[in-house]
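**Student:**
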Amino acid sequence: MSLPASYFFFKYPHFKLAHLYCIERLTAAMGRPVTDDDIGLKVLREAPAEETQIIDIVAIHGLGAHPDDSWCKNAGTRESPRWINWLEEENMLPAVAPNARIMRYGYQSQWFGKEAMQQSASIVAERLLRALKRKRKDITFRPLLFVAHCFGGLVVLKALLEAEQYPIEWPGVFPSTAGLIFFGTPFRGAGGMNQMEMLEAARREYYEDEVQLTALEVLQPGNAYLQELVDSFLKRMRGQINKIRIACFFELKSSNVGRIVGGQDRTRFVVSESSGCLDLSDATSKYSLSRTYFNMNKFAKATEEDFETVADVVKDMV
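The numbering of the sequence shown is our numbering, which starts it at 10 and goes up by one.
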């Protein structure tokens, strides 16, 4: 719900014009609304019929993102945009993993506004598992590769922990997972984003019941749920004989977080290298990308150096 400036000057005597800029930034950050048709597991590309060693690749977006737009980059201009989704562009991921059925999972991830939902990693993880169970009913042990950005990575961790603990309910998911690719997942919190500033900015435009805290709070450094989730996952991994291969990508360019939390330009690294990378091991590697946190999972050309790095990782996992 967008409100006129007069509303804020009336309700908040100390309201400043700078707050209007903050509101405009928050509204712009919402992007395209997520509809019922966008939610769930969507097949972007079926594996070729002649393939005998098929792998399922599932991409999961982060908070405040559209399930499809999250993976798109403009290869054109602002006046004449040409959006490229590297998950389905023929010379990109399909060419890198020709034996893959490529899917993306969508969920309502907006934490403020009329479409805000009370989400948590646990809720989204269970819905993801149910979607996988339906889609893989007759192929429960087909290899799986998860690709996740930001909060989506925490969803993957929770889903795998649940699948490992309840194998009868979620057959095949944990033992079939061959690889995990994380783009800027804040395993130790997103220190570059001031959650309190973001909440205050949202509350200045929306009613109290239109601002949901659960998903945002888990990104706070030191959050108890986040620590327990990551620690539990790492303990499970240490006990595995056939370890899941893990690749963690981190940002090399700072982001202008001021576009979300206020009127002044403020550049920060949203998820630091130490937060965005799990402890290195023989099965876990980390890679840098010359991108900001907000575009590190978007590629427009197969010849981009950062995409080539991602492509090499995918090839090793499929």
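Idealized CB from N, CA, C, for every residue including glycine.
Please report the straight-line C-alpha distance between Phe150 and Leu141, rounded to a whole angstrom.
**Tutor:** 11 Å
**Student:** Could you tell me which of Glu171, Pro107, Val133 and Ala84 sits nearest to Glu59, measuring between CA atoms?
**Tutor:** Minimum Cα distance to Glu59 is reached at Pro107.
**Student:** Give me the Cα-Cα distance between Met191 and Pro76, rounded to the nearest whole angstrom.
**Tutor:** Reading off the sequence shown, one finds Phe at residue 191, where the question assumed Met. When rounded, the distance between both Cα atoms is 16 Å.
**Student:** DSSP three-state label for Ala292, please.
**Tutor:** coil
**Student:** Can you give me the start and stop residues for the alpha helix (DSSP H) that Thr318 sits inside?
**Tutor:** Glu314 to Met326
**Student:** Mind checking who Lys51 pairs with in its DSSP beta bridge?
**Tutor:** Lys51 pairs with Arg113.
**Student:** Using beta-carbon positions only, say whether Phe155 and Gly71 come within less than 8 Å of one another.
**Tutor:** Cβ distance not < 8 Å, so Phe155 and Gly71 don't count as in contact.
**Student:** Enumerated in chain order, which unbroken segments of the beta strand (DSSP E) with a length of 3 residues or greater are wholly contained in the segment 141-213?
**Tutor:** Scanning the segment 141-213 for uninterrupted beta strand (DSSP E) segments of 3 residues or longer gives 153-158 and 186-192, listed from N- to C-terminal end.
**Student:** Exposed or buried, what is Tyr116 when buried is set at 16 or more other beta-carbons lying within 10 Å of its beta-carbon?
**Tutor:** buried
**Student:** Three-state secondary structure (DSSP) at Trp92?
**Tutor:** strand
**Student:** Starting from Val67, follow the beta strand (DSSP E) in both directions and report where the run begins and ends.
**Tutor:** Run containing Val67: Ile64 to Ile69, per the beta strand (DSSP E) assignment.
**Student:** Arg245 to Lys252, Cα distance in whole Å?
**Tutor:** For Arg245 and Lys252, the distance between alpha carbons rounds to 10 Å.
**Student:** Since Asp65 and Arg110 should fall inside the 8 Å C-beta cutoff, what is the C-beta to C-beta distance between them, to a whole number of angstroms?
**Tutor:** 5 Å
**Student:** Which of the three DSSP states is assigned to Phe308 in this structure?
**Tutor:** coil
**Student:** From Arg54, Glu314, Ala311 and Ala168, pick the residue whose C-alpha is nearest to that of Arg113; which is it?
**Tutor:** Arg54
**Student:** Starting from Ala58, follow the alpha helix (DSSP H) in both directions and report where the run begins and ends.
**Tutor:** No alpha helix (DSSP H) contains Ala58, which DSSP labels as neither H nor E.
**Student:** Taking all protein chains shown into account, decide if Gly85 is buried (16 or more other Cβ within 10 angstroms of its Cβ) or exposed.
**Tutor:** exposed
**Student:** For a quick check, are the C-beta atoms of Arg2 and Gly188 less than 8 Å apart?
**Tutor:** This structure cannot speak to residue 2, because the chain is shown only from 10 to 327.
**Student:** Closest to Arg300 by CA distance: which of Asp147, Ala292, Arg139 and Ser281 is it?
**Tutor:** Ser281
**Student:** Looking at Ser284 and Arg197, is the spacing between their C-beta atoms short of 8 Å?
**Tutor:** yes
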